[in-house]
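Structure first, then comments.
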Amino acid sequence: MHLLKILKLYNQLILYRPGHFKLTSRWSSWSSKDVRSTFIKYFISEDHTFIPPLSVIPKKREGTYFINSGMNQFKPIFLGECDPTDKFVHLKRAVNSQKCIRVGGKHNDLEDVGHDLTHHTFFEMLGNWSFGDYFKVRACQMAFHLLTKEFKVPVERLYFTYFGGDKSLNLSADEECRQIWRSLGIPADRIIPFGLKDNFWEMGLSGPCGPCTEIHYDHRGSVCSPAEVNSGSPDVVEIWNLVFMQYNRLPDSSLVPLPTHHVDTGMGLERMVAVLNGTADNYSTDLFLPLFKEIEKLSSCPEYKGSLLPLDTSYRLLADHTRMFTVAISDGLLPSQDNLGHKLRSLLVRCVDLCRKVFHTDPLTTLPLLVSSVRESLGSVYPEIEQSEKKVCDIVQATIHHYDKHKEQAMKSFNKMLSKHGNINVLPGDIMLQLEHGGYFGKPMAVEMISELASTLGISLDMDGYTKLCQSTKADISTSPLTSLPDRASSLVNQMLQLGVAPTDDSYKYSHCSLGDGVFDFTQMLEVISPVHVRGISKDNCLHRELLESDIGEVVLDKTCFYSEAGGQEADQGELVSENGTFQVTDVQRKSGYIVHYGHMKQGTLQIGQQIEPRIYQEIREGCMRNHTATHLLQSALTDLLPSTQQQGSSITSHKLTFDFLALSALDSKSIQQTEAAVQSFIKKEYLVSRTTLPLEEALKIPNVKVLQNEKYPEEVSVISIGPENGSFYSSVELCGGTHVLNTSDLEDFCITQMTSKAQNVKRVTCVTGSQARLAHLNGSVLRSMCQLLEDLIKHQPGQNHSVKQSLKYAQQVLHALDAQQERLEHSLHLLAQNVSDYYARLKNLNEENQKTRSLMQSYIDILKKIATVGHEEEDIKQLFTLIRKIQQVELVPKVVREEVHSCLVKNEQKVTEMINKKNISHINQLIEDEFKRLPDSSVVSLTVNDIDINHRQITKSLSKKMLSKCVILLNQCHKTTDLFISLPLSSFQPLVDEDLDKLKALLKVEAKGKLSAQNSTVAIYTFHLQGEINHTNSLISYIENLKPKQ
């Protein structure tokens, strides 16, 4: 630890005594709610629009760190990338209070949290913004007015910093800012210049940037001490930062003026509440004190004193981390092993340890009560916290149970690792890394867990070695040539934005009607959309006026009926047909309001301004429509079954859907069956599926409406409602821009084929609809009948003939369904004709899977016909058993049936094996007897058996039980393996010695391993595993015949 930091902490330890920073009676007591509302109301009165805060979880492709400032949602405005249809496109002034978490990344406060009085993992950032409207003068005037008139902060306690210039960048001092503060009556000695580090703000290595001015507060207020500003002194703290974005940093690091200037300000709520309550301790306010009181009551520990001693540090850590995990889980994050989920779990585990080791309370009781305190503090401001209290508590308790179970298992593995490496006092970094990645017991072990287990056993950690190895691993990854490629259409989209080209109208994608039986008519779509014109073309990320045959490129139209990938649903595919050629569309994406069609020129040419006809592939669209509606019904069914469930993600393609959801309790076969039955019930009831377009604010007021957490919705949204025609109730209501069927009966059928664990407490189900679901259920019926037939044949049940007939009926139905599907798949493949799209590859895979299933089903029918006509043999039972296992593994089988079949196979595997072994042993014994009769005078007999699938141990066991008068040489060649057995009767021969075994191996003339496998009073059995085939055993016979007989 640096000396400066040690001195800083020492000073804090001495200075932070209860009441030391309480100010005079002229100061009133401010609640956090009053501070927040005063800030927001003031700027609303100054014509600012209140913008609701973002979730703390970044959206996909927006980074891997928590939201840690108020400006995140305004980045598109600053960067000039605002979607023309976005609600922010005309925004001039904004104000809000943003939830922020700083754990990792550039701004990582975790190491300081709890160990001082001002840092937090979760905090609120109050902010106001100007987008090309007011600039420095008005920003400073309003900030000064709010502080001194509304909050009544004495001017003599404030300092103001400004950018003092930088010669290396040829930037002069921001004298304009200095003069503004002077004009507001600020003494010159309280206006202080600083350099790039403190007073020049940058978004990144390139992009908008500019000077800033900071307002600092002096807790002492007695003397003017400008030297204390930005010195790290706990007495003088920054309370507000005003950033003036007036430059753009180019990739070459040079700065050019921005055509439009912006203002971005940030004030930490926790620090401002502390200031207005006369304390330098952010934790001695109404945001934390109720949590401290709860901890004190539960633990019977001394009350929080505001010191830097260990107990008060633990108070701060537990309260702070509880606020953080409550907010993060309320926003939809779950504890896991990866990225943000791992950070969340680490902090939760730290809370568990604090409860047990410091406060001696049960975290299963303590943490839910603290969550309730957080809800009381923040729930009225952030409704998601109010609504999620039970879910947060359930997840916390599930995480504690999981942690305790994992810790118990980890300790066993840790001890095994220690026994392998002997007594060690320091755990090396490489072993830590192995433990972290599951190298010793198959499951990853968090570093926190390793540290705790090592501490329990008095072992220290080589953290330096571990850190170096981690950095080395990261360096290897960072130098990998695998880098994400820029979007091919970026130049096209940027050009269209600059020219002010109107966004693509894609509302026509919903224009279709049902013909019944799951078939739809899309001709209406072409009628209402016509005419359609090409607005933009690009190739190789460069603008072009024309695409030639075989060119790979991107096309933007004035309007389109193609669905762009969104909401987990894959994009449409199809063709853009003009009089001069055909452009094959293989992907569709929305970029800044424009719908970009990616693909290649199948034939001819395409030019800007040309009229085209957009044709979607109907099979892909219909499949996605069925599966997207099924996803809504599935979520409704799961919510009824598991009230605390929460969608974690979905993937909707034309042939299947996957749905990830929170499952705090185990889901057994009965639960899966109930879920599947509930969806099938919705289908049979023929509920209407309706789409309504509403303003977002109005849509969110619909009772029980489901929204995706961490999803940014437009100002106008589509609401998908599923329920009876009279509208008396709705089984499902969701905000969704996807494509859907018009009636639940259009789904035809539904089947859950798989369920897997995706992460801690997160399950993923894979489902199919339509003909795929019907085929899956048929396969399930066949498998059930196969299992019944297998058990009947094993038990020799008299009802097996009925089982055969029933099985044959189901198998033939599957065969007909497979043939129909085969015909559809081959037709689609023929139409696409070597298309380069993922869809074509998927069709080929489906076709191969279909053929594989058909081959298995035909084999089963052949067995059934044989059993029905000539009866069955043991080999038929074995073949049936093998077929059941293979069909169980095909993709289209109900999950519930898959589990039933697994149980059947486990139960009967030993019985089938014993049955086959018994038959084979009997066959071998008969061969031996026949050979004895054929060669009555020979002392050695030899026989070869081919393709008898029997374990060599079983042959050894059988031979050792027989009292034979002759030596038997048995050669078993099966499945490319060759085993040689020599049964030596001890009544006639001496046991073989090592020299004999070596000579026998030499006589075999192939690589062989030989050993004595069994011996009793009557016989010795020797086995040889051969690495090749031999044609005869004459040399072995001669050698054994010449062995010295037993005297």
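In full-length UniProt numbering, the protein residues as written are 1 to 1047. Cβ coordinates follow ideal geometry from the N, Cα and C atoms, glycine included. None of these values were measured; they are calculated from a predicted model.
Cβ distance (whole Å) where residue i is taken to contact residue j below 8 Å
i, j, result
"Phe1024", "Lys1009", "7 Å"
"Asp506", "Ser592", "So it is not a contact: roughly 14 Å between Cβ atoms."
"Leu783", "Val893", "7 Å"
"Asp749", "Gly780", "Contact flag wrong, Cβ pair sits at about 12 Å."
"Val897", "Ile672", "Their Cβ separation, rounded to whole angstroms, is 10 Å, which puts Val897 and Ile672 out of contact at 8 Å."
"Gly132", "Thr260", "4 Å"
"Phe682", "Thr766", "Between Thr766 and Phe682 the Cβ distance is about 19 Å, and since that is not below 8 Å, they are no contact."
"Tyr860", "Ala811", "5 Å"
C-alpha distance - residue i paired with residue j, whole-angstrom precision
i, j, result
"Ile537", "Tyr510", "25 Å"
"Pro531", "Leu515", "25 Å"
"Val352", "Gln618", "54 Å"
"Val229", "Val263", "23 Å"
"Ser828", "Gln813", "23 Å"
"Phe163", "Asp281", "29 Å"
"Phe39", "Glu389", "27 Å"
"Arg885", "Pro58", "44 Å"
"Thr869", "Val519", "43 Å"
"Leu317", "Gly599", "54 Å"
"Glu175", "Cys212", "12 Å"
"Ala699", "Trp181", "46 Å"
"Pro257", "Gly207", "11 Å"
"His421", "Glu448", "21 Å"
"Gln680", "Asp660", "20 Å"
"Met963", "Tyr1039", "22 Å"
"Ala630", "Lys99", "35 Å"
"Asp404", "Lys416", "19 Å"
Candidates the options: closest to residue i by CA position
i, options, result
"Lys844", "Arg824, Leu984, Glu389", "Arg824"
"Asp996", "Val717, Thr279, Leu1036", "Leu1036"
"Leu815", "Gly780, Thr853, Ser745", "Thr853"
"Pro428", "Thr467, Asp746, Ile683", "Thr467"
"Gln246", "Leu818, Gln607, Cys209", "Cys209"
"Thr658", "His421, Cys751, Val426", "Cys751"
"Asn761", "Lys391, Cys561, Leu880, Ala868", "Lys391"
"Asp979", "Asp949, Ser965, Ser960, Arg316", "Asp949"
"Gly268", "Ala328, Phe661, Asn128", "Asn128"
"Val236", "Leu242, Ala227, Phe244, Leu354", "Ala227"
"Leu638", "Gln610, Ala678, Gln611, Gly599", "Ala678"
"residue 1084", "Ile529, Leu378, Leu298, Met463", "The displayed coordinates of the chain run from 1 to 1047. Any statement about residue 1084 would go beyond what the structure contains."
"His850", "Glu891, Asp876, Val35, Glu874", "Note that residue 850 corresponds to Asn in the displayed sequence, not to His. Comparing Cα-Cα distances from Asn850 to each of Glu891, Asp876, Val35, Glu874, the minimum goes to Glu891."
"Ser837", "Lys865, Glu725, Glu570", "Glu570"
"Lys297", "Leu369, Leu935, Val349", "Leu369"
First and last residue of the uninterrupted alpha helix (DSSP H) at residue i
i, result
"Trp181", "175-183"
"Gln851", "838-870"
"Ile924", "895-934"
"residue 1098", "Outside the shown range of the chain (1 to 1047) lies residue 1098, about which nothing can therefore be said."
"Gln889", "That residue, Gln889, is in no alpha helix (DSSP H); it is neither H nor E in DSSP."
"Arg621", "618-641"
"Cys542", "Run containing Cys542: none in the alpha helix (DSSP H); it sits in the beta strand (DSSP E), 542-544."
Residue range of the unbroken beta strand (DSSP E) whose run includes residue i
i, result
"Gly127", "122-131"
"Ser455", "Ser455 -> not in any beta strand (DSSP E); alpha helix (DSSP H) instead, spanning 447-456."
"Glu716", "716-723"
"Asp312", "Per DSSP, Asp312 belongs to no beta strand (DSSP E); it is in the alpha helix (DSSP H), 310-330."
"Arg190", "Note, Arg190: premise wrong, no beta strand (DSSP E); not H, not E."
Cβ neighbour criterion (16 or more within 10 Å) applied to residue i
i, result
"Thr1018", "exposed"
"Pro234", "buried"
"Arg220", "exposed"
"Cys967", "buried"
"Asp47", "exposed"
"Gln337", "exposed"
"Val139", "Per the sequence presented here, residue 139 reads as Ala, with Val not at that position. By the neighbour-count rule (16 or more Cβ atoms within 10 Å), Ala139 is buried."
"Gly204", "exposed"
Any non-hydrogen atom of the ligand NAP closer than 7 Å to residue i Cβ
i, result
"Lys468", "The model on display carries no ligand, and the ligand NAP is accordingly not part of it."
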